[in-house]
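Have a look at the structure below, then the notes.
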Amino acid sequence: MRLSTLPSGARLLRMALLASLGTLAIFVEAAPIGVGAQATPSPDLLFCVTAAIAVRRPASAPLLIVLTLGLMRDLLTDLPVGMGALALVLGIEALRMRSVAMARRSLLTEWSLVSVVFLGILAMQWLALFITFVQPPYLFDLGRQWVATMLAYVPVVATVRWVFGIGWRRVPAPGRVGFKGEA
Amino acid sequence: MARPGDDRTGDVERRLRRALLGMATVICLALFLLWRIDNPRIERLRMELADAVLPGMSWVAGPIELGTAMVRDYRNFLDVYDQNRELRREIQRLRVWRETARALEEENAQLRALNHVRLAPRTVFVTGDVIADSGGPFSHTVMVNVGERDGVLDGSAAVDGSGLVGRVVGTGQTAARILLLTDFSSRVPVMIRPSGRRAILAGDGAAAPRLEFVDGIDELRPGDQVETSGDGGVFPSGLPVGRIIAMPDGSLRAALAADYNRLEFLRVLRYKPDTQIDRPGGMVVPPGPASSPLIGPTRPLGAIPQGALPADGLPSATAGN
Numbered sequence: 001m002r003l004s005t006l007p008s009g010a011r012l013l014r015m016a017l018l019a020s021l022g023t024l025a026i027f028v029e030a031a032p033i034g035v036g037a038q039a040t041p042s043p044d045l046l047f048c049v050t051a052a053i054a055v056r057r058p059a060s061a062p063l064l065i066v067l068t069l070g071l072m073r074d075l076l077t078d079l080p081v082g083m084g085a086l087a088l089v090l091g092i093e094a095l096r097m098r099s100v101a102m103a104r105r106s107l108l109t110e111w112s113l114v115s116v117v118f119l120g121i122l123a124m125q126w127l128a129l130f131i132t133f134v135q136p137p138y139l140f141d142l143g144r145q146w147v148a149t150m151l152a153y154v155p156v157v158a159t160v161r162w163v164f165g166i167g168w169r170r171v172p173a174p175g176r177v178g179f180k181g182e183a
Numbered sequence: 001m002a003r004p005g006d007d008r009t010g011d012v013e014r015r016l017r018r019a020l021l022g023m024a025t026v027i028c029l030a031l032f033l034l035w036r037i038d039n040p041r042i043e044r045l046r047m048e049l050a051d052a053v054l055p056g057m058s059w060v061a062g063p064i065e066l067g068t069a070m071v072r073d074y075r076n077f078l079d080v081y082d083q084n085r086e087l088r089r090e091i092q093r094l095r096v097w098r099e100t101a102r103a104l105e106e107e108n109a110q111l112r113a114l115n116h117v118r119l120a121p122r123t124v125f126v127t128g129d130v131i132a133d134s135g136g137p138f139s140h141t142v143m144v145n146v147g148e149r150d151g152v153l154d155g156s157a158a159v160d161g162s163g164l165v166g167r168v169v170g171t172g173q174t175a176a177r178i179l180l181l182t183d184f185s186s187r188v189p190v191m192i193r194p195s196g197r198r199a200i201l202a203g204d205g206a207a208a209p210r211l212e213f214v215d216g217i218d219e220l221r222p223g224d225q226v227e228t229s230g231d232g233g234v235f236p237s238g239l240p241v242g243r244i245i246a247m248p249d250g251s252l253r254a255a256l257a258a259d260y261n262r263l264e265f266l267r268v269l270r271y272k273p274d275t276q277i278d279r280p281g282g283m284v285v286p287p288g289p290a291s292s293p294l295i296g297p298t299r300p301l302g303a304i305p306q307g308a309l310p311a312d313g314l315p316s317a318t319a320g321n
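Protein sequence lines, in the order shown, are assigned to chains A and B. Under the numbering used here, the residue at position 27 of the first sequence is numbered 27, and the numbers go up by one with no gaps. Under the numbering used here, the residue at position 256 of the second sequence is numbered 256, and the numbers go up by one with no gaps.
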């Protein structure tokens, strides 16, 4: 592997930021604000943070960090262990693949793509439980969580962009691309 | 910079990424399988992680909990005067009741002493602060900041001020995980007063869990009190759970007494049931001759060698043989 493939200082900083923000998101998700049908559904903040960074800077959201955060969240917030992390990793990979096409598109386009991917993540977990004869959650409750997460995505993007300065990468010159599209 | 298409570094990178993705998939599926078969290693891993990150979680949970409480309390702000007046009235009523209760307790103690009543061991409890909840729709659990260090045992009942909340399903050194009665996998044997009928309280994600396997459904009425039956020896009997509500489809559910919207502090009961001798298998017998090592129900008592049992250790039913 060439020296140029090693992560640069700025990328390492962004990776550290993803790990820190992801951990904070898990702690906020786990904070006791009520459980059950009457409680306000808590948004999937870990997905919002990871998706917002992975779409803008795919190389700054490596698979190992996403997997570790996913497993940590599964264990701490009592999701189906392994399946929550796998769904997150696959969802983020799907977003990463569309990162170049998404660059400099409107927030609405990005939001639509992310909402479809999150729907896929929820559906995958629901199906995994259904197939393995575990009582899956009600679709209505999943719908509430989807709405809460998509409402939370916009402020998370604003924080990532304006507070931490992670914007779209520079579009490379025609005929040339950067390392995995990263500036 | 690398050119697209024939770039070897990009190709290696893609293969590496694919291999990593494959490994991640295998690891996750293996963990999911372990979780599905309720392997205790997953619970141990969960609680060890919880022990490790507990301080961080408490730091984050504190301000969020405070904010939530402020929003909730703001709704009650306008009628605080009425609430205060109502509470004063209630205190007056309760003072009268306190004196009555003291007199009754004294009388009760005297009567027990006269009758040589042997009480069950007193249930003690440890109180913990709720520091995390599952939040999402997949499970209904909370985590409290008391664990094995404080004497919390796996399976212990957790109650709030009003009634049963759930049971401990995982213990770390400084934290314990509590499965709420509303969770999909919660099943608790209950008794319904005043009829004394038994049932199983089964969580299904709704705010009011279902009553299943109800014995004598015709004798039950909406509003009847539901409490733990103590069957199975996990929970003490008589813990209040809630009241029966009848659904339009004819099924019965229990409106829980515990306030799930305000789970701030929970008491975890340290309860050990009385030792019950309901079969002769537990009898301790000194070792006999090698030819007759077993003594059990299938073996006639006459076959027990003389002197193998102490004279006062013989069961009363066979003493006359």
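Think of the CB as a built atom: it goes at the ideal place given N, C-alpha and C, for glycine as much as any other residue.
Check, Outcome
"If you measure from the beta carbon of A/Tyr138 to each beta carbon in chain B, is any gap under 8 Å?", "yes"
"Give every residue of the same chain whose Cβ lies closer than 8 Å to the Cβ of A/Val117, excluding the five residues on either side of it in the sequence, and list them in chain order.", "Ala51, Gly91, Ala94 and Leu95"
"Is B/Asp231 near B/Ser195, with beta carbons less than 8 Å apart?", "no"
"Do B/Leu180 and B/Val188 have their C-beta atoms closer together than 8 Å?", "no"
"Residues in its own chain within less than 6 Å of B/Ser292 by CB, not counting five upstream and five downstream?", "With a pLDDT of 45 at B/Ser292, under the threshold of 50, the modelled position of that residue is not reliable, and the figure given next carries that caveat. So the list is empty, once near-sequence residues are dropped."
"With DSSP run on the structure shown, which of helix, strand or coil describes B/Ala176?", "strand"
"If the cut-off is 9 Å on Cβ atoms, which residues from the stretch 145-163 of chain B count as contacting chain A, listed in chain order?", "none"
"For a contact meaning CB atoms closer than 8 Å, what does A/Glu93 contact in chain B?", "Leu21"
"Where does A/Gln135 fall in DSSP's three states?", "coil"
"Would you call the CB atoms of A/Gln210 and A/Pro80 closer than 8 Å?", "This structure cannot speak to residue 210 of chain A, because chain A is shown only from 1 to 183."
"Could you list the residues in the stretch 27-45 of chain A with a C-beta less than 8 Å from some C-beta on chain B, going in chain order?", "Phe27, Val28, Glu29, Ala30, Ala31, Pro32, Ile33, Gly34, Val35, Gly36, Ala37, Gln38, Ala39, Pro41, Ser42 and Asp44"
"For the pair the stretch 44-62 of chain A and the stretch 6-15 of chain A, tell me if three or more CB-CB distances fall below 8 Å.", "yes"
"I'd like the list of long-range same chain contacts for B/Ala290, defined as Cβ closer than 8 Å, with 5 residues on each side in sequence excluded.", "Summary for B/Ala290: the model assigns pLDDT 49, below 50, so the residue's position carries little reliability, and this model does not support an answer."
"Starting from B/Arg193 and walking both ways along the beta strand (DSSP E), at which residues does that stretch end?", "Arg187 to Arg193"
"Measuring CB to CB, does B/Asn145 end up less than 8 Å from B/Asp129?", "yes"
"B/Ile131 lies in the beta strand (DSSP E); which residues open and close that run?", "Val124 to Asp133"
"Could you check where the beta strand (DSSP E) with A/Ala25 kicks off and where it finishes?", "Looking at the DSSP string, A/Ala25 is not in any beta strand (DSSP E); the run it does join, the alpha helix (DSSP H), is Gly9 to Ala30."
"Counting only C-beta atoms, is A/Leu69 closer than 8 Å to chain B at any point?", "no"
"Looking only at C-alpha atoms, which of A/Phe164, A/Thr149, A/Thr159 and A/Arg161 sits nearest to A/Asp44?", "A/Thr149"
"What does B/Ile64 reach in chain A if we use C-beta pairs closer than 7 Å?", "Val28, Ala31 and Ile33"
"Put B/Val159 into one of helix, strand or coil per three-state DSSP.", "strand"
"Per DSSP, which residues does B/Gly242 bridge with? Please list them.", "B/Val226 and B/Leu256"
"Would you say A/Ala85 faces chain B, with C-beta separation under 8 Å as the test?", "yes"
"Since B/Pro137 meets chain A, which of its residues come closer than 8 Å, beta carbon to beta carbon?", "Pro41, Pro137, Tyr138, Asp141, Leu142, Arg144 and Gln145"
"Give the residues from the stretch 237-252 of chain B that approach chain A closer than 9 Å (Cβ to any Cβ), ordered along the chain.", "none"
"Pick from A/Val55, A/Ala54 and A/Leu88: whose alpha carbon is nearest that of A/Leu69?", "A/Leu88"
"Confirm, please, whether the CB-CB distance from A/Trp168 to A/Arg98 is below 8 Å.", "no"
"How long is the line joining the alpha carbons of B/Val214 and B/Ala199, rounded to whole angstroms?", "4 Å"
"Please check if any C-beta of chain A sits within less than 8 Å of the C-beta of B/Leu186.", "Here the sequence assigns Ser to residue 186 of chain B, which means Leu is not the residue at that position. Output row for B/Ser186: interface = no."
"With 8 Å set as the bound, which would you pick, yes or no: does the beta-carbon of A/Leu63 sit closer than that to a beta-carbon of chain B?", "yes"
"Look at the alpha carbon of A/Ile33 and the alpha carbon of B/Arg36, and state the distance between them as a whole number of angstroms.", "27 Å"
"Could you tell me whether any Cβ in chain B is nearer than 8 Å to the Cβ of A/Met72?", "yes"
"Mind checking if A/Thr132 is an interface residue toward chain B, Cβ cutoff 8 Å exclusive?", "yes"
"For chain A, check one thing: does any of its Cβ atoms lie closer than 8 Å to the Cβ of B/Val60?", "yes"
"What separation, rounded to the nearest whole angstrom, lies between the Cα atoms of A/Met102 and A/Thr109?", "8 Å"
"Between A/Pro155 and chain B, is there a C-beta pair that is closer than 8 Å?", "no"
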